[in-house]
Amino acid sequence: MLKLLTMQEAIAELVPDGASIALGLQLEQMIPFAAGHEIIRQKKRGLTLIGPISDILFDQLIGAGCVEKVIAAWVGNVMMGSAYNFRRAVEQNGMRVVNMTNFTVALALQAGAMGVPFMPTRTALGSDVARENEFFAKVESPFGGQDSSQNQQESRGDGRSRPSVPSAAGQTGGGKLHAVRALSPDVTIVHVQRADCEGNAHCWGNFGVMLEGVRAAKRVIVVAEEIVEPEVIASDPNRTVIPGFLVNAVVECRYGAHPSPVQGYYKRDDAFFRQYHEQTKTKPDSDAWLERWVYGVADRRAYMNQLGGCRVDELGVKQHAYAAQADFGY
Amino acid sequence: MVACAAREIRDGEVVFVGMRLPLIAFVVAKRTHAPNAIGLFENGVIRSTPAPELIYTMADPPNILGATQCLDMLGVMSLLQSGRVHLGFLGAAEVDRFGNLNSTEVRGPKGLTRLPGSGGACDIASLAQRFVVLLEHSKQRLPERVSYVTSPGNGDGSGWRQRVGLPRGGPAAAITTKAVLRFGKDGEAYLSSVHLGIEVDDVLSNTGWKLRVADKLVQTPEPSADELRAIREYDKEGFWTT
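Following this line, the structure appears as structure tokens:
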């Protein structure tokens, strides 16, 4: 099966109404906005959104009426604060939100990725996040309160300048734990710098929960700034964060993460996030924003044309910073 | 407020840096008294040098360039959970008498106000060896009890964290726009210092409970010339520090 699809084809084929979709997994970096906008244009409905911090993409999908439920740690506009469509949906229309924490989103996806029903953790004990939340259960460690790290007392001898970093021994808090339920998204969508036509993908920068999100998903869409020859990907397997056999569709989409940054390709468009905050305070304003930036443009190319050449140039890399070569020879 | 927050970082400490204001507090500390501090960011970044230019989010390209390590969230959260992080920094909409934090929702006379949510705040408050919270000082922001505990502080007092199973930690300070609150052995907040030009009564009347006052109440030390220079050189347009 040919995996290299247009964005329109990938969303039409792989994102049905009612699907659970994980996206924005690299936190504020490489958010797949172009894919999100295509979901809005195709008027998908009843979606469940999954992610740690979505920045404003979740807000846009919510404002467009695509979303029934959100499973996330944080929904807003990272540099500005609140996101208004999310607030309206929860405050006025009672949209369902499963409140998570960043760590427990990662653990839920990791459990899904590992094929086990839950992962244990000490986070959120005593917090209201875990109360009446289907993703949390209180459990006791079957091995008692101490963990193996008591055998790993500090071995480093550099304690002169650095305050000691204690091991967990003696302060493990007993055997009380939270079990965090496994989560397997129907579709995970990620944006990367480059991939080959099989979906083997290179990514650099921070990963957030992308690796778990890809491994946990039933289907995966990889959106790449560039499609490159398989030899380019194979030349640096340590940078291959997604093996192609997990990938259902590969989409080439230059600037597909704008206004979020893609390391080595373009920086964050901070002004765009500020403008979004100013221009979406009411429902009519938000509708006008979606009309201008989503419905009113056919694809990412038209969107970037509307943004304008000057602004695109301004976002581009001003000073390249290449990593040293790694020798894989033998 | 930022200088005050920066001073909570001791040189050489491992610091879990939350979103927004803590981002700049870490940079100021690195450029002044704590050059050997290590920053952990929940997106997966570990830095031993401050970001070379102003960042609005932890995933901005300057925070990636020259980082010590860029990997995944589970990696840095594992370090946090296993006790390797000395200090965690976070913000909140509400902080209460026992240092519990709410950043999820507020129910008032006008109905429900939905806030963005925990992000990594609950994880930092649960698992760091100590945490510091930054917020504006007002009666609304400092209620006697938060209506929703997003991030656990001292619960209802001494011994609570141990009872619920939290492995360590708790609030070390709440740094507000008027003062610094610290926490006694019983887990309750007290007024530790007031910022320059702020009256004690102003602090007390803008706190949602009868705030105890330290025996040796002092004025918060003013930002040093070095700290002010570090803040101004970094946040040139005053986005974070107007």
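Chains as they are written, first to last, in this note's numbering: chain G, 2 to 331; chain A, 23 to 264. Glycine included, every Cβ here is placed at the ideal spot set by N, Cα and C. The model shown is predicted, which means the values in this text are computed figures rather than measured ones.
Residue i and residue j closer than 8 Å at C-beta
{"i": "Pro121(G)", "j": "Ala180(G)", "result": "yes"}
{"i": "Val39(A)", "j": "Phe48(A)", "result": "yes"}
{"i": "Gly191(A)", "j": "Asn122(A)", "result": "no"}
{"i": "Ala20(G)", "j": "Leu48(G)", "result": "yes"}
{"i": "Ile46(A)", "j": "Thr199(A)", "result": "no"}
{"i": "Ile222(G)", "j": "Ala196(G)", "result": "no"}
{"i": "Ala51(A)", "j": "Ala81(A)", "result": "no"}
{"i": "Phe153(A)", "j": "Pro193(A)", "result": "yes"}
{"i": "Arg42(G)", "j": "Tyr296(G)", "result": "yes"}
{"i": "Pro118(G)", "j": "Ala183(G)", "result": "yes"}
{"i": "Ala236(A)", "j": "Ser214(A)", "result": "yes"}
{"i": "Ser261(G)", "j": "Gln61(G)", "result": "no"}
{"i": "Ala218(G)", "j": "Ala35(G)", "result": "no"}
{"i": "Gly64(G)", "j": "Thr283(G)", "result": "no"}
{"i": "Gly139(A)", "j": "Val188(G)", "result": "no"}
{"i": "Ile197(A)", "j": "Met23(A)", "result": "yes"}
{"i": "Leu101(A)", "j": "Ala143(A)", "result": "no"}
{"i": "Gly209(A)", "j": "Gly230(A)", "result": "no"}
{"i": "Arg216(G)", "j": "Ala114(G)", "result": "yes"}
{"i": "Gly265(G)", "j": "Arg301(G)", "result": "no"}
{"i": "Pro174(A)", "j": "Ser128(G)", "result": "yes"}
Partners in chain G for residue i, counting only beta-carbon separations shorter than 8 Å
{"i": "Ser180(A)", "result": "Here the premise fails: no neighbours, minimum Cβ distance about 14 Å."}
{"i": "Leu170(A)", "result": "The sequence shown places Tyr at residue 170(A), rather than the Leu named in the question. Result: Asp129."}
{"i": "Ser173(A)", "result": "Ser128"}
{"i": "Gly133(A)", "result": "Glu92"}
{"i": "Gly177(A)", "result": "Gly127"}
Chain A residues whose Cβ lies nearer than 7 Å to that of residue i
{"i": "Ser185(G)", "result": "Those within 7 Å of Ser185(G) in chain A number zero; the least Cβ separation is about 17 Å."}
{"i": "Val91(G)", "result": "Arg136"}
{"i": "Met80(G)", "result": "Tyr78 and Thr79"}
{"i": "Ala107(G)", "result": "Met95, Leu96 and Met99"}
{"i": "Gln111(G)", "result": "Leu96"}
Under 9 Å from the C-beta of residue i: neighbouring residues of chain A
{"i": "Phe246(G)", "result": "By Cβ distance, chain A contributes nothing, its closest Cβ being about 21 Å from Phe246(G), past 9 Å."}
{"i": "Trp75(G)", "result": "Met41, Ser125, Pro138, Gly139, Ser140, Gly141, Gly142 and Ala143"}
{"i": "Phe87(G)", "result": "Arg136 and Pro138"}
{"i": "Glu213(G)", "result": "Asp94, Met95 and Leu96"}
{"i": "Gly175(G)", "result": "Gln184, Gly187 and Pro189"}
{"i": "Gln194(G)", "result": "Result: empty, since nearest Cβ-Cβ is about 12 Å, beyond 9 Å."}
Interface partners of residue i on chain A, CB under 8 Å
{"i": "Asp314(G)", "result": "Result: empty, since nearest Cβ-Cβ is about 16 Å, beyond 8 Å."}
{"i": "Arg123(G)", "result": "Gln103, Ser148, Leu149, Gly187, Leu188 and Pro189"}
{"i": "Asn103(G)", "result": "Glu64, Met95, Met99, Ser140, Gly141, Gly142 and Asp145"}
{"i": "Leu24(G)", "result": "What Leu24(G) touches in chain A: nothing, since even the nearest Cβ is about 15 Å away."}
{"i": "Ser83(G)", "result": "Leu137 and Pro138"}
{"i": "Gln27(G)", "result": "Asn65 and Ala81"}
{"i": "Ala324(G)", "result": "By Cβ distance, chain A contributes nothing, its closest Cβ being about 11 Å from Ala324(G), past 8 Å."}
Residues bridged to residue i (per DSSP)
{"i": "Phe104(G)", "result": "The partner list for Phe104(G) (beta bridge, DSSP) is empty, contrary to what the question assumes."}
{"i": "Met120(G)", "result": "Val181(G)"}
{"i": "Ile41(G)", "result": "According to DSSP, which records beta bridges pairwise, Ile41(G) is partnered with nothing at all."}
{"i": "Gln241(A)", "result": "Val216(A)"}
{"i": "Ile197(A)", "result": "Leu156(A) and Val202(A)"}
{"i": "Ile72(G)", "result": "Ile51(G) and Val99(G)"}
{"i": "Ile63(G)", "result": "Looking at the DSSP assignment, Ile63(G) forms no beta bridge with any residue, so it has no partner."}
{"i": "Phe38(A)", "result": "Leu62(A) and Gly110(A)"}
{"i": "Ala23(G)", "result": "Ile51(G) and Thr189(G)"}
{"i": "Arg69(A)", "result": "Gly61(A)"}
{"i": "Ala211(A)", "result": "Phe205(A)"}
{"i": "Arg234(A)", "result": "Tyr212(A)"}
{"i": "Glu133(G)", "result": "According to DSSP, which records beta bridges pairwise, Glu133(G) is partnered with nothing at all."}
{"i": "Ala138(G)", "result": "Ala180(G)"}
{"i": "Val263(G)", "result": "Tyr267(G)"}
Residues that residue i contacts on chain G, provided the C-beta gap is smaller than 9 Å
{"i": "Met23(A)", "result": "Chain G residues near Met23(A): none, gap ~17 Å exceeds 9 Å."}
8 Å Cβ cutoff, residue i in contact with chain B
{"i": "Arg119(A)", "result": "Looking at the structure shown, chain B is missing, and the protein chains on hand are G and A."}
Contact test: residue i Cβ vs the ligand SAH heavy atom, cutoff 7 Å
{"i": "Gly179(A)", "result": "Of the ligands one can find in the structure shown there are none, so the ligand SAH has no counterpart to examine."}
Residues that residue i contacts on chain G, provided the C-beta gap is smaller than 7 Å
{"i": "Arg260(A)", "result": "Reading off the sequence shown, one finds Gly at residue 260(A), where the question assumed Arg. None at all; the shortest Cβ gap to chain G is about 14 Å."}
Practice prompt. Enumerate, from N- to C-terminal direction, the unbroken beta strand (DSSP E) stretches of 3 or more residues contained entirely within the segment 187-253 of chain G.
Written response: DSSP runs (the beta strand (DSSP E)) wholly in the segment 187-253 of chain G: 188-196, 220-228, 241-243 and 250-253.
Discussion item. Against chain G, which members of the segment 87-98 of chain A pass a CB distance test of less than 7 Å?
Written reply: Cβ contacts with chain G: Leu87, Cys92, Leu93, Asp94, Met95 and Leu96.
Item to complete: Check distances from the C-beta atoms of the segment 41-67 of chain G to those of chain A and list, in chain order, the residues that come in under 9 Å.
Response: Those residues of the segment 41-67 of chain G that come within reach of chain A (Cβ to Cβ, closer than 9 Å) are Pro53, Ile54 and Asp56.
Discussion item. Output needed in chain order: residues of the segment 259-277 of chain G with a Cβ under 7 Å from some Cβ in chain A.
Written reply: Under the 7 Å Cβ criterion, the segment 259-277 of chain G contributes Pro262, Gln264, Lys268, Arg269 and Asp271.
Fill in: Near-chain G residues of the segment 54-84 of chain A (beta-carbon distance less than 8 Å), N- to C-terminal order
Within the segment 54-84 of chain A, the qualifying residues are Asn58, Phe63, Glu64, Asn65, Gly66, Val67, Tyr78, Thr79, Met80, Ala81, Asp82 and Pro83.
Worksheet item: Of the residues that make up the segment 205-230 of chain G, which ones have a beta carbon closer than 9 Å to any beta carbon in chain A?
Response: Hits within the stretch, in order: Trp205, Gly206, Asn207, Phe208, Gly209, Val210, Met211, Leu212 and Glu213.
Worksheet item: What residues from the segment 202-220 of chain A come within 7 Å of chain G, judged by C-beta to C-beta, listed N to C?
Response: Result list empty, no residue passes.
Discussion item. To test your reading of the DSSP string, which unbroken alpha helix (DSSP H) runs of 4 or more residues are found completely within the segment 278-317 of chain G?
Written reply: Assignment of alpha helix (DSSP H) within the segment 278-317 of chain G, counting only whole runs of 4 or more residues, yields 284-291, 301-308 and 310-316 in chain order.
Worksheet item: Which runs of the alpha helix (DSSP H) spanning at least 4 residues fall entirely within the segment 91-171 of chain A, listed in chain order?
Response: Inside the segment 91-171 of chain A, DSSP marks whole alpha helix (DSSP H) runs of 4 or more residues at positions 95-103 and 143-149, from first to last along the chain.
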